[in-house]
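Okay, structure first, notes after.
Protein chains: 2
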Amino acid sequence: MPKLDAIDRKIIRSLQEDGKISIGELAEKVGLSPSPCARRVRLMEQAGIIKGYAAIIDQKKVGLPISAFASIKLERQREEDLDRFEDAVSRWPEVLDCYLMTGQRDYLMRVVAADLEAYERFIKDKLTRLDNIASIETSFALGQVKRAELLPIAR
Amino acid sequence: MPKLDAIDRKIIRSLQEDGKISIGELAEKVGLSPSPCARRVRLMEQAGIIKGYAAIIDQKKVGLPISAFASIKLERQREEDLDRFEDAVSRWPEVLDCYLMTGQRDYLMRVVAADLEAYERFIKDKLTRLDNIASIETSFALGQVKRAELLPIAR
DNA sequence: GTTGAAAAAGATCATCA
DNA sequence: TGATGATCTTTTTCAAC
Chain W
1 MPKLDAIDRK IIRSLQEDGK ISIGELAEKV GLSPSPCARR VRLMEQAGII KGYAAIIDQK
61 KVGLPISAFA SIKLERQREE DLDRFEDAVS RWPEVLDCYL MTGQRDYLMR VVAADLEAYE
121 RFIKDKLTRL DNIASIETSF ALGQVKRAEL LPIAR
Chain C
1 MPKLDAIDRK IIRSLQEDGK ISIGELAEKV GLSPSPCARR VRLMEQAGII KGYAAIIDQK
61 KVGLPISAFA SIKLERQREE DLDRFEDAVS RWPEVLDCYL MTGQRDYLMR VVAADLEAYE
121 RFIKDKLTRL DNIASIETSF ALGQVKRAEL LPIAR
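Chains as they are written, first to last, in full-length UniProt numbering: chain W, 1 to 155; chain C, 1 to 155.
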């Protein structure tokens, strides 16, 4: 894994703020000429540091105002039980974020939905269909205060 | 606010999967010629449906392996108390996600950090400096199972 | 909404320092 | 690792249909 220097970090920062910035502009921002700048970007893409580029969409404006957080406890926590659960989660498009947690609960996931009914359908038709679920606790978000893409990387 | 038809939704879907796809390729994918396709993208950008474009960065690979979830309860919940809290959150780069919640806890936020010490510093130097914090409960993520950008929009 | 063409901007690559 | 310059691709912006 290549080490990141100050210029790499500047590049990452700029690309998180604007993924569509041109190489020329980016190069100018970080104090390089376009070629070496493009080379650094390519290397970071290949190394998986830059995983990809995405348009950021307003959830509400596309009819998905609900974010529900579900805390999930499994009955068994062997490696293969976790893998099976994680495979399922990866396939469900309603689950936007999912973390394996320390402490009481095993997983914390954020599920988006058009309304409460759609969320209930997700729980009933998908989540509870898995054997191995010990408990589910849901809290709903009243609003998104922040969802940032910009990681707090040292300058 | 313009209504989204099936083609708009396809465009959104493609742009979430690859924010850097060219207009030509995108047009082909959604079954349009480039000009109207570019126009639809521009309109959705202006309407704020597409909020922007960002590079997706691997948190671990840039030295930020810790994700901590902090549940926060405020002492007072008047409009202005919430606003003040949300302003602070918006300014703190360590907080990547933050939601206003129903139920017992007022806010749920995800804080990223290089290590536990950095997280503690965030809590001590920033979060607890706010008056109006009644309680903080932290759980740590052992790993990120999923963080998707692709919203589950009806086809 | 489509097509086609021309102008402008951007990406890429070989090469040299 | 960075700079330069030639080349090739893509985007944008028109017009006309």
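Here a beta-carbon is modelled for each residue, glycine too, at the ideal position from N, C-alpha and C.
Computed from a predicted model, the values in this text were never measured in an experiment.
DSSP places W/Glu137 inside the beta strand (DSSP E), whose first and last residues are 133-147. Each of C/Lys124, C/Leu43, C/Glu120, C/Ala113 was checked against the Cα of C/Leu142, and the nearest Cα belongs to C/Ala113. Judged by pairs of C-beta atoms under 8 angstroms, the stretch 1-11 of chain C does not touch the stretch 125-132 of chain W, as fewer than three such pairs exist.
Those residues of the stretch 66-86 of chain C placed with their C-beta closer than 7 angstroms to a C-beta in chain W are Ser67, Phe69, Glu86, ordered along the chain. Counting along the chain, C/Leu108 sits inside the beta strand (DSSP E) bounded by residues 107-113. Interface flag for C/Pro152 against chain W is set, since a Cβ pair is found closer than 8 angstroms. Contact annotation: W/Pro93 and C/Pro152 have beta-carbon atoms nearer than 8 angstroms. Note that the C-beta distance between C/Asp87 and W/Lys146 is not below 8 angstroms. Neighbours of C/Cys37 across chain W, judged by C-beta separation under 7 angstroms, do not exist; the nearest C-beta is about 14 angstroms away. In terms of Cβ geometry, W/Ile57 and C/Ile23 do not form a close pair [threshold 8 angstroms]. Membership of W/Leu100 in the beta strand (DSSP E) is indicated by the continuous run 95-101.
Residues of the same chain with a CB within less than 7 angstroms of the CB of C/Glu17, apart from the 5 flanking positions on each side, are Leu150 in chain order.
Look at W/Arg40: its C-beta is not under 8 angstroms from any C-beta on chain C.
Counting along the chain, no beta strand (DSSP E) covers W/Ser22, and no H or E run does either.
Around the beta-carbon of W/Lys10, 16 or more other beta-carbon atoms lie within 10 Å, marking it buried.
With its beta carbon at least 8 angstroms from every one in chain W, C/Ser22 lies outside the interface. When Cβ-Cβ separations below 8 angstroms define contact, W/Tyr99 makes contact with chain C. Contact annotation: C/Lys20 and W/Gly48 have beta-carbon atoms that are not nearer than 8 angstroms. The beta carbon of W/Lys29 sits closer than 6 angstroms to the beta carbons of Ser14 from its chain, once the five residues preceding and following it are set aside; these are given in chain order.
No Cβ of chain C is located within less than 8 angstroms of the beta carbon of W/Val30.
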